[in-house]
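Count the sequence shown with numbering that gives the first Met the number 0 and you get residues 0 to 54, in order. Cβ atoms here follow ideal geometry from the backbone N, Cα and C, with glycine treated the same way.
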Amino acid sequence: MANRFRNERIEIKLTNEEKEVFEKKMKLANCKTMSHFLRKCVLEKEIYVVRFRTI
């Protein structure tokens, strides 16, 4: 992997339920690979911080 453009690797562990949700959302986003889906989520989407007041 030394000559690849993307040479850094990330590993995550999921439960079966989390993996099902992950795969469902990946299909909804029309992504064929996990790498494409994660890059799309991280690099193309805005992150919103919603502050809730304490009750």
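- A28 is positioned such that its CB atom lies closer than 7 Å to that of F36.
- From the listed residues C40, R52, K12, I11, the smallest Cα separation to M25 is found for C40.
- Per DSSP, the unbroken alpha helix (DSSP H) holding R38 starts and ends at 33 to 38.
- For the options T53, R52, M33, I46, the alpha carbon positioned closest to that of I9 is the one of M33.
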